[in-house]
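In the working numbering, the protein residues as written are 3 to 450.
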Ligand code: SF4
């Protein structure tokens with residue numbers, strides 16, 4: 003570790019102990035009535051903003067908070083803290099929409115909304131961990147801006163601009179390159195690649211955030227993809243419904259409805275992000291025939307408990323958004339402070355499965371380094387398995403004996419004997435461990 007890293011690390015540990023002057027720790031997880039923080043912040047911080055401007059996504063975009071000086075007008079930050087955060091933003095810039103800022107409990111340093119939006123000194127202090135491009139996207143790009151990893155689908159990146167720069171972002175490496183949007187020529191090269199590769203049936207439009215493009219500009223891309231006969235579905239990855247829901251206006255929805263099937267994947271990470279504005283945005287999309295799925299990221303201190311995830315997924319179902327994935331936070335440089343052990347994700351899924359509707363339980367996945375793809379992880383429910391039977395446990399840790407239907411039958415339709423000696427032996431061992439009454443041929447319930 004070089005000297006500057008040591009200094010930063012020491013500063014980071016001090017930061018943990020210190021509280022900026024004049025701030026009071028208030029736990030955000032103690033239930034606030036829905037919308038009360040946002041309403042209070044609107045009155046306190048944004049009372050001067052006319053309702054019409056607040057609802058205008060262009061006003062929200064233009065008025066993003068992008069400097070520490072501006073931020074200090076809204077949040078209590080000591081001079082020392084401001085100096086530290088300037089060091090962070092020199093590496094990883096800041097951008098928060100007024101809408102998202104209004105959701106933060108400004109009296110709570112550990113607020114789960116704050117952690118996603120406001121820079122932390124840990125981003126540079128722990129910079130020794132992680133890599134710039136952990137998913138190896140750049141090596142999987144046959145033409146600039148297009149990632150082709152799986153046989154039947156590609157991802158195209160239209161811009162590096164986002165209304166909010168999420169502190170846990172996988173593409174933080176792009177933030178230093180200034181704002182860019184692909185030129186018409188670059189887009190044509192990507193579309194041409196898709197045209198020439200007839201196995202591609204699914205195109206994911208991502209970024210940055212593609213909804214930062216004007217509706218007209220986005221339509222040019224979507225309509226040219228629609229002209230490619232083998233492209234069956236188009237997916238849009240965007241966090242606008244969460245961080246700037248005003249963007250999901252009638253004009254955008256009318257455009258999207260012309261080029262279906264289009265699916266939209268978004269990223270709600272905490273129940274308090276599900277605001278009336280977000281609910282309206284998702285409802286508009288659904289009415290335009292665009293299904294909305296959620297791809298949450300598991301984040302330390304934000305949503306790393308069973309309660310937080312269950313509440314989030316229940317709120318999503320109430321606005322008809324399907325909890326689709328829960329991602330382990332990628333190993334990105336500058337995000338180590340937000341990453342959780344993999345076991346946390348498995349424990350959360352275990353605490354949800356069976357305890358709430360299956361529709362509310364996302365699939366927990368790790369996106370493997372170097373382009374290995376997504377791997378789903380879940381608790382182990384199969385305790386024993388042979389060709390003839392399984393011993394399974396359910397969500398209450400009760401054991402069940404399940405007869406495995408035979409893979410092969412002889413010409414009379416009778417099951418053939420298992421030829422595998424190890425398998426037969428395993429059955430004997432399994433039976434030997436089961437309590438009396440466990441040999442019911444169908445589903446013997448074995449209460450542990
Ligand atoms: S919206 Fe997505 S791409 Fe943009 S900063 Fe957030 S996580 Fe990254």
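C-beta: ideal position from N, C-alpha, C; glycine also.
Here the structure is a predicted model, which is why all the values come from computation and not from measurement.
Asked, Found
"Any 3 or more C-beta pairs closer than 8 Å across the region 288-295 and the region 255-262", "yes"
"Inside the region 175-227 only - beta strand (DSSP E) runs reaching at least 3 residues", "204-208"
"Proximity below 7 Å, CB of residue 70 to CB of residue 84", "yes"
"Cβ neighbour criterion (16 or more within 10 Å) applied to residue 94", "buried"
"Neighbourhood of residue 244 by C-beta, 7 Å cutoff - its chain only, sequence neighbours within 5 removed", "268, 269, 270, 275 and 280"
"Reduced DSSP category for residue 329 - H, G, I as helix; E, B as strand; rest coil", "strand"
"Local conformation of residue 285 per DSSP, three classes", "helix"
"Residue 46: first and last residue of the uninterrupted alpha helix (DSSP H) it sits in", "38-47"
"Nearest-angstrom beta carbon gap, residue 96 and residue 167 [assumed within contact, 8 Å]", "6 Å"
"Heavy atom of the ligand SF4 within 6 Å of residue 169 beta-carbon", "no"
"Simplified DSSP state of residue 404, which is helix, strand or coil", "strand"
"Any non-hydrogen atom of the ligand SF4 within 6 Å of residue 255 CB", "no"
"Three CB pairs or more closer than 8 Å across the region 318-325 and the region 112-119", "no"
"Contact test: residue 164 Cβ vs the ligand SF4 heavy atom, cutoff 6 Å", "yes"
"Segment limits, alpha helix (DSSP H) that includes residue 78", "Unbroken run through residue 78: none, as it is neither H nor E."
"Range of the contiguous beta strand (DSSP E) that encloses residue 150", "148-152"
"Helix, strand or coil at residue 271 [DSSP, three-state]", "coil"
"Residue(s) in a DSSP beta bridge with residue 358", "355"
"Buried versus exposed call for residue 300 [16 or more other C-beta atoms within 10 Å across all chains shown]", "buried"
"Buried versus exposed, by CB contacts within 10 Å (16 or more), residue 351", "buried"
"Cβ contact (3+ pairs, closer than 8 Å) linking the region 96-111 and the region 331-344", "no"
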